[in-house]
Every structure is written in C-alpha cells, then in structure tokens.
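Remarks on the structure that follows.
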Amino acid sequence: MKSLSSRVWIGAVFVTGLLTAVSAAAQESGDLAAARDLYASAAYDDALAVLNKLRATDHPAGQSRAIEQYRAFCLLALGRATDAEQAIE
934 MKSLSSRVWI
944 GAVFVTGLLT
954 AVSAAAQESG
964 DLAAARDLYA
974 SAAYDDALAV
984 LNKLRATDHP
994 AGQSRAIEQY
1004 RAFCLLALGR
1014 ATDAEQAIE
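Per the working numbering, the very first residue in the sequence shown carries number 934; after that it's consecutive.
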C-alpha cells in the first residue's frame, strides 16, 4: 500500500506542476494579446508597459520576436525612433 500512496502523491505533484506551467504560459500569452489590443486601440504607452513587463519575464522563445516587434511599433508610434531601432535589432 505504501507504494500505491507514493505513486498517487507523485502523480499529484506532477499534475500540479503541469497545471502551473500551463497557467503561466496562458498568462504570458494573455499578456501578449492584451498588449496587441492596447496597441490596436492606440494606447501605446500602456501596451509598451505590458510588453516591457512581459519581456522581463521568462516567456516562450517564440514570443520574443512578437514582443520586440510590438515594442518597436509602440516606440515608433510614440516618436522614439532610436529606441525602436534598438528593439528591431
């Protein structure tokens, strides 16, 4: 019986870890979507704040390009061409 309860406990820990990872990925994806929505509504400062926060977190590698692109778009819209060039690089 001890073996069965150990397996259940390990399974519970695994499921908890998996749910935490999925939740974090969904949150990051949601943050990127929120930044896109803010950009689309011309709230460039707000979108840039979300993107900078997202940039500073651990996010999927595939999101890095989108984050930097939207940062560049926001910076250009705000007239910050030099900063936008750095984001593009």
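Backbone N, C-alpha and C define an ideal beta-carbon position, used for all residues, glycine too.
Quick caveat: nothing in here was measured; it's all calculated off a predicted structure.
Secondary structure at Glu1018: helix, using DSSP grouped into helix, strand and coil. Within the segment 955-996, the complete alpha helix (DSSP H) runs of at least 4 residues fall at 977-988. The C-alpha of Leu965 lies about 22 Å from the C-alpha of Ala1014.
Leu987 sits close to Gln996, with the two beta carbons spaced by under 9 Å. With a beta-carbon spacing of about 15 Å, Ala999 and Ala1017 fall beyond the 8 Å limit used to define contacts. Counting only the Cα atoms, Leu984 lies some 10 Å from Gln1002.
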